[in-house]
Structure formats: C-alpha cells, structure tokens
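Residues in the sequence shown are numbered from 0 upward in steps of one, following numbering that gives the first Met the number 0.
Below is one structure, written out as structure tokens, with a few remarks after it.
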Amino acid sequence: MKINRRDEKLDALLGKKVTLTFWNKTEKTGILTWQGAFDYSNGLLPYRYHLLLDSGVYYGFRKS
C-alpha cells in the first residue's frame, strides 16, 4: 500500500492563510504550501506541507 501524503482538503487551501491545530493542541497560522521533490533552490524538506509563518520561517509537517 502506497502512503499518500497529499490531502484534498489541504490542497484546496494551498496559497491561503490558515490556522492549523495539531494533534498536541498547538496552533500555527501562516500561508499553506506544498513541497514536492527536493529543490536545492529553497531547501524545504520534500513531500510535505509547510506553513510560511509571519516571522518568515517555514513550519513543515506531514498529514497522517
């Protein structure tokens, strides 16, 4: 069985400012992005979603 890290609901929100609540009840707000294959130009971890926070830091996570 292939693991699918993409999610239709999250994909519909790509490029928009969102607030996410994680399993441990922490909340993060930022612009939602997806990073596919590794790209040397940005250094983001591949195959995961990222939130671009107001501080300019990317917060990476995977959906389970």
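Just so you know, even glycine gets a beta-carbon here, dropped at the ideal spot from N, CA and C.
Between residue i and the rest of its own chain, which residues show a CB-CB distance below 6 Å, the 5 nearest in sequence each way excluded?
i, result
"arginine 59", "First, the amino acid is wrong: residue 59 is glycine here, not arginine. These residues qualify, in order along the chain: Leu44, Arg47, His49."
"leucine 19", "Lys27"
Cβ of residue i within 7 Å of Cβ of residue j?
i, j, result
"leucine 31", "leucine 52", "no"
Please state whether DSSP places residue i in a helix, a strand or coil.
i, result
"leucine 9", "helix"
"phenylalanine 21", "coil"
"lysine 62", "coil"
"glycine 29", "strand"
"tyrosine 48", "strand"
Using a Cβ-Cβ cutoff of less than 8 Å, which residues in the same chain neighbour residue i once the five nearest sequence positions on both sides are dropped?
i, result
"phenylalanine 21", "Lys27, Phe60"
"alanine 36", "Pro45, Tyr46"
How about residue i: is its C-beta nearer than 7 Å to some C-beta of chain B?
i, result
"isoleucine 30", "Note that chain B does not occur in the displayed structure, where there is just one protein chain."
Going straight from the alpha carbon of residue i to that of residue j, what length do you get?
i, j, result
"valine 17", "aspartate 38", "24 Å"
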